[in-house]
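Residue numbers (the working numbering): 1103 to 1242.
Backbone N, C-alpha and C fix where the C-beta goes; we use that ideal spot for every residue, glycine too.
Notes follow once the structure below has been shown.
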Ligand SMILES: [Zn+2]
Ligand SMILES: [Zn+2]
């Protein structure tokens, strides 16, 4: 891997809590946000889920692919480590995109969450303390 590759070719590594599941994704995310919907809160156990979206073809599971826990349908699911349960990414938009759970990245992405979505179902015990735009549902 050459060190002076263009930014769009840079690869980021990610992994689960236990280390069985690992993936690589291009550092070329199309968007990133914090999702406050109740499902993202439950699947992460957190106040919200920071995620970034990219074409599905730009993510590759490098270890643990055969043992992922898939919750949902082939073209719309959450992919967790089959051993420790970490949420790694979600397959969305009819299977064309993935939403990478940013907390699983080992390397810092060039993209940062730029807004909050599903603020209408935000946890009542959490106050958003930044000035990023807030949306009641999806940013459309
Ligand atoms: Zn794991
Ligand atoms: Zn969500």
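Close Cβ partners of residue i (< 6 Å) along its chain, the five nearest in sequence each way excluded
i: residue 1062; result: Absent from the structure is residue 1062, since the part of the chain shown begins at 1103 and ends at 1242.
i: residue 1224; result: 1138
i: residue 1136; result: 1150, 1152, 1215 and 1218
i: residue 1236; result: 1218 and 1221
Sub-8 Å separation of residue i and residue j beta-carbons
i: residue 1208; j: residue 1112; result: no
i: residue 1127; j: residue 1202; result: yes
i: residue 1219; j: residue 1234; result: no
i: residue 1181; j: residue 1122; result: no
i: residue 1190; j: residue 1125; result: yes
i: residue 1120; j: residue 1185; result: yes
Which of helix, strand or coil DSSP assigns to residue i
i: residue 1206; result: helix
i: residue 1231; result: coil
i: residue 1174; result: strand
i: residue 1148; result: coil
i: residue 1198; result: coil
i: residue 1164; result: strand
i: residue 1141; result: helix
i: residue 1130; result: coil
i: residue 1103; result: No answer about residue 1103 holds up, because its pLDDT of 49 lies below 50 and its placement is not dependable.
i: residue 1169; result: helix
i: residue 1185; result: coil
Close Cβ partners of residue i (< 7 Å) along its chain, the five nearest in sequence each way excluded
i: residue 1160; result: 1127, 1128 and 1130
i: residue 1103; result: Because residue 1103 sits at a pLDDT of 49, beneath the cut-off of 50, its placement in the model cannot be relied upon, and the following sentence gives the value as read from the coordinates. Same-chain partners within the cutoff: there are none.
For residue j and residue i, believed in contact at Cβ under 8 Å, the rounded distance
i: residue 1166; j: residue 1183; result: 6 Å
Residues near residue i in its chain [Cβ-Cβ closer than 8 Å; skip 5 each side]
i: residue 1211; result: 1114, 1129, 1131, 1134, 1154 and 1204
Beta carbon nearer than 6 Å to a non-hydrogen atom of ligand 1: Counting every residue whose Cβ lies closer than 6 Å to a heavy atom of ligand 1, we get 1118, 1119, 1120, 1122, 1123, 1183, 1185, 1186 and 1188.
With ligand 2 as the reference, list in chain order each residue whose Cβ lies under 5 Å from any of its heavy atoms. Working through the chain, the matches are 1137, 1139 and 1142.
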